[in-house]
Amino acid sequence: MTDYNFAYLDEQTKRMIRRAILKALAIPGYQVPFASREMPMPYGWGTGGVQVTAATLTPGDRLKVIDQGADDTTNAVSIRKFFERTAQVATTTRTAEASVIQTRHRIPETPLTAEQVLVYQVPIPEPLRFLEPSEVETRKMHELSDYGLMHVKLYEDIARHGHIATAYAYPVLVADRYVMDPSPIPKFDNPKLSNCPAIQLFGAGREQRIYALPPHTKVVSLDFEDHPFEPSKADAACALCGDDASYLDEVITDDAGTRMFVCSDTDHCSARRDAGHCGEDAA
Amino acid sequence: MSQPTLEGGFVDAPRDAAQAFRACMSAMARPGRVETLYGAAPPAPLSPAAGALFLTLCDADTPVHLAGAHDCDAVRSWLAFHTGAPLTDDRAEAAFAVGTWAALLPLADYPVGSARYPDRSATLVVEAGTLDTATGARLTGPGIDGHARLALPDAGALSANHALYPRGLDFFFAAGDRVTAVPRATNVEDT
Numbered sequence: 001m002t003d004y005n006f007a008y009l010d011e012q013t014k015r016m017i018r019r020a021i022l023k024a025l026a027i028p029g030y031q032v033p034f035a036s037r038e039m040p041m042p043y044g045w046g047t048g049g050v051q052v053t054a055a056t057l058t059p060g061d062r063l064k065v066i067d068q069g070a071d072d073t074t075n076a077v078s079i080r081k082f083f084e085r086t087a088q089v090a091t092t093t094r095t096a097e098a099s100v101i102q103t104r105h106r107i108p109e110t111p112l113t114a115e116q117v118l119v120y121q122v123p124i125p126e127p128l129r130f131l132e133p134s135e136v137e138t139r140k141m142h143e144l145s146d147y148g149l150m151h152v153k154l155y156e157d158i159a160r161h162g163h164i165a166t167a168y169a170y171p172v173l174v175a176d177r178y179v180m181d182p183s184p185i186p187k188f189d190n191p192k193l194s195n196c197p198a199i200q201l202f203g204a205g206r207e208q209r210i211y212a213l214p215p216h217t218k219v220v221s222l223d224f225e226d227h228p229f230e231p232s233k234a235d236a237a238c239a240l241c242g243d244d245a246s247y248l249d250e251v252i253t254d255d256a257g258t259r260m261f262v263c264s265d266t267d268h269c270s271a272r273r274d275a276g277h278c279g280e281d282a283a
Numbered sequence: 001m002s003q004p005t006l007e008g009g010f011v012d013a014p015r016d017a018a019q020a021f022r023a024c025m026s027a028m029a030r031p032g033r034v035e036t037l038y039g040a041a042p043p044a045p046l047s048p049a050a051g052a053l054f055l056t057l058c059d060a061d062t063p064v065h066l067a068g069a070h071d072c073d074a075v076r077s078w079l080a081f082h083t084g085a086p087l088t089d090d091r092a093e094a095a096f097a098v099g100t101w102a103a104l105l106p107l108a109d110y111p112v113g114s115a116r117y118p119d120r121s122a123t124l125v126v127e128a129g130t131l132d133t134a135t136g137a138r139l140t141g142p143g144i145d146g147h148a149r150l151a152l153p154d155a156g157a158l159s160a161n162h163a164l165y166p167r168g169l170d171f172f173f174a175a176g177d178r179v180t181a182v183p184r185a186t187n188v189e190d191t
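Sequences listed follow chains F and X, in order.
Numbering follows my numbering, with no gaps: position 195 of the first sequence is 195.
Numbering follows my numbering, with no gaps: position 139 of the second sequence is 139.
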């Protein structure tokens, strides 16, 4: 017995969120408004993801929380402890052992399975927001599938930089209908959104929106025939585990600008090192 | 208040509802896949699966329409006691409706949402009696790897519902303690 209801939120709030999740799954990529609650953490720290996770967790779940791929950063640690305390669920840092994964800005390197639920923390759910500040107007644009403005933005990237310079929060078209913001994941992760066997849920607390991708949903990154979408990463191998295929963080190691690249996904990196893989800087 | 009214709810509401929701979510996310809902024992003709759905999703914010034989004192008072959901005869304002397929018709009575807010639509819980996923209509679309099959009372009506996309109704089909879903995004072909 604890002083908290299971998974912190009261039952009426969870029902409201659960109804929103079901409608979000029924209309993939469409942003369902919901009555986001104040959570015991500031907006911008994953209040949307936490509410979706709270409404989704069952007592038998094993929860993993990552922040930019890492299990050991402040945001990930505090959210993991929050649910250990309020829902008494088991937690893990191993992607393969988790049944619910809450993530900020990454999709794990380990392929997800049909038994898993991936919950994204979303800062700005509206992909058109920086192009059109009015919610009334962006609603109308979604209603009419009027996404020309987004293509103009990508075109202006090409005109200015010679290629599509958008590197994260790269817009996608879901099930041939809605343009969706995949949250600020690197575009390296975009191909994993499509035809994923896991359920993917997106929660934006401050902006009060929930959206979703059912398993095996077709998700296409917007592009042009002559400038096709290209997932990109730093052209290097992880200094610790030597992986040249995983997404890398750049770490500045001294005042002279010396740098190293390491896996963004800490579980992936440590699992590889445990298996004997070794990078050039591995101690 | 009679004993059957007071009984049959979740024993441990937060945990039972969490388990039931995950099954509902899995069903809605994977059209045609059958899930089991535990924990509810509502009065007939409400099935245990439909009862668990209402305990999990309905409260004072969700007008419920009882169609046909489901509109009886036993079901009315059970739902009122366990969920507090307002019951409505006006189908146009229902968030949820339950009954046999024949009793729920015509589908045009229920709100399908607006083009700007397609989520403002009804969820229909169809008491199907049996769920046959070996034969029947061919389901394709989001949530389905390849295709799925589900015997449906009227594949044409569900196909017409899909044609309204992104507006439309979302369906749960319940039989005993088992449930499957056909959301509006699912393409339904009669075969």
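No residue lacks a Cβ here, since even glycine has one placed at the ideal position from N, Cα and C.
- Item | Residues of the region 120–142 of chain F with Cβ closer than 8 Å to any Cβ of chain X, in chain order | 139, 140, 142
- Relative to chain X, which residues along the region 3–32 of chain F have a C-beta separation below 8 Å, given in chain order? 5, 6, 7, 11, 12, 14, 15, 16, 18, 19, 20, 21, 22, 23, 24, 25, 26, 27, 28, 30, 32
- Query: What's the call for residue 276 of chain F, buried or exposed, on a 16-neighbour Cβ count within 10 Å?
  - Reply: exposed
- Query: To the nearest whole angstrom, what separates the beta carbons of residue 13 of chain F and residue 37 of chain F, a pair I think is in contact under 8 Å?
  - Reply: 6 Å
- Cβ of residue 143 of chain X within 7 Å of any chain F Cβ: yes
- Message: Taking the beta carbon of residue 183 of chain F as the centre, do at least 16 other beta carbons fall within 10 Å, making it buried, or is it exposed?
- Response: buried
- Message: Any heavy atom of the ligand NAD inside 6 Å of the beta-carbon of residue 274 of chain F?
- Response: Absence of the ligand NAD from the depicted structure is noted, as is the absence of any ligand whatsoever, leaving it without description.
- Give the straight-line distance between the Cα atoms of residue 75 of chain X and residue 28 of chain F, rounded to the nearest whole angstrom. 33 Å
- Message: Once the 5 residues before and after residue 157 of chain F are set aside, which same chain residues still bring their CB inside 8 Å of it?
- Response: 163, 164, 165, 166
- Task: Taking a Cβ distance cut-off of 8 Å, strictly less, list which residues of the region 6–23 of chain X are near chain F, in chain order.
- Result: 13, 14, 15, 17, 18, 19, 21, 22
- Report all residues from its chain with a CB closer than 8 Å to the CB of residue 168 of chain F; omit the five preceding and five following residues, and keep chain order. 105, 184, 185, 186, 187
- Item | Residues that residue 214 of chain F contacts on chain X, provided the C-beta gap is smaller than 9 Å | 28, 29, 30, 31, 141, 142, 143, 144, 183, 185
- Item | Chain-ordered chain F contacts of residue 170 of chain X [CB-CB under 8 Å] | 22, 23, 26
- Message: Only counting the same chain, and skipping five residues up and downstream in sequence, which positions put a Cβ closer than 6 Å to that of residue 140 of chain X?
- Response: 147, 187
- Inter-residue spacing [alpha-carbon to alpha-carbon] between residue 136 of chain X and residue 130 of chain X: 12 Å
- Task: Could you round the C-beta distance between residue 119 of chain F and residue 56 of chain F to whole angstroms and report it? I think they count as a contact, below 8 Å.
- Result: 7 Å
- Go ahead and pull the three-state DSSP assignment for residue 191 of chain X. coil
- Give the straight-line distance between the Cα atoms of residue 24 of chain X and residue 46 of chain X, rounded to the nearest whole angstrom. 17 Å
- Residues of the region 82–98 of chain F with a CB closer than 7 Å to any CB of chain X: list them in chain order, please. none
- Would you mind reading off the limits of the alpha helix (DSSP H) that contains residue 170 of chain F? Neither: residue 170 of chain F is in no alpha helix (DSSP H) and is coded neither H nor E.
- Could you spell out the range, first to last residue, of the beta strand (DSSP E) harbouring residue 64 of chain F? 62–67
- Could you name the residues that DSSP lists as bridge partners for residue 39 of chain F? Per DSSP, none; premise fails for residue 39 of chain F.
- Going by Cα to Cα distance, which pick from X:106, X:123, X:128, X:73 is closest to residue 100 of chain X? X:128
- Message: Closer than 8 Å is the cut-off here; do at least three beta carbon pairs connect the region 1–15 of chain X with the region 251–265 of chain F?
- Response: no
- Query: Which full runs of the alpha helix (DSSP H) of 4+ residues lie inside the region 14–102 of chain X, going along the chain?
  - Reply: 48–57, 73–82
- Query: Is the shortest distance between the beta-carbon of residue 113 of chain F and the beta-carbons of chain X less than 7 Å?
  - Reply: no
- Query: Quick one, which residues of the region 40–74 of chain F are near chain X if we go by CB-CB under 9 Å, in chain order?
  - Reply: 55, 56, 57, 58, 59, 60, 61
- Task: Spatial neighbours of residue 129 of chain F within its chain, please: CB distance less than 7 Å, with the 5 preceding and 5 following residues excluded, ordered by chain position.
- Result: 138
- Report yes or no: is there a C-beta of chain X within less than 7 Å of the C-beta of residue 217 of chain F? yes
- Query: So, do the region 80–94 of chain F and the region 57–64 of chain F have three or more beta carbon pairs nearer to each other than 8 Å?
  - Reply: yes
- Query: Thinking just about the alpha-carbon of each residue, which of F:206, F:211, F:40 is nearest to the one in residue 179 of chain F?
  - Reply: F:211
- Message: Counting only Cβ pairs nearer than 8 Å, list the residues of chain X close to residue 177 of chain F.
- Response: 165, 166
- Item | residue 47 of chain F (DSSP reduced to helix, strand or coil) | helix
- Where residue 249 of chain F falls: helix, strand or coil (DSSP): strand
- Message: Looking only at its chain, what residues have a beta carbon closer than 6 Å to the beta carbon of residue 69 of chain F, apart from the 5 residues adjacent to it on each side?
- Response: 106, 264, 265
- For residue 199 of chain F, go through chain X and note every residue whose CB falls closer than 8 Å to its CB, in chain order. 25, 26, 29
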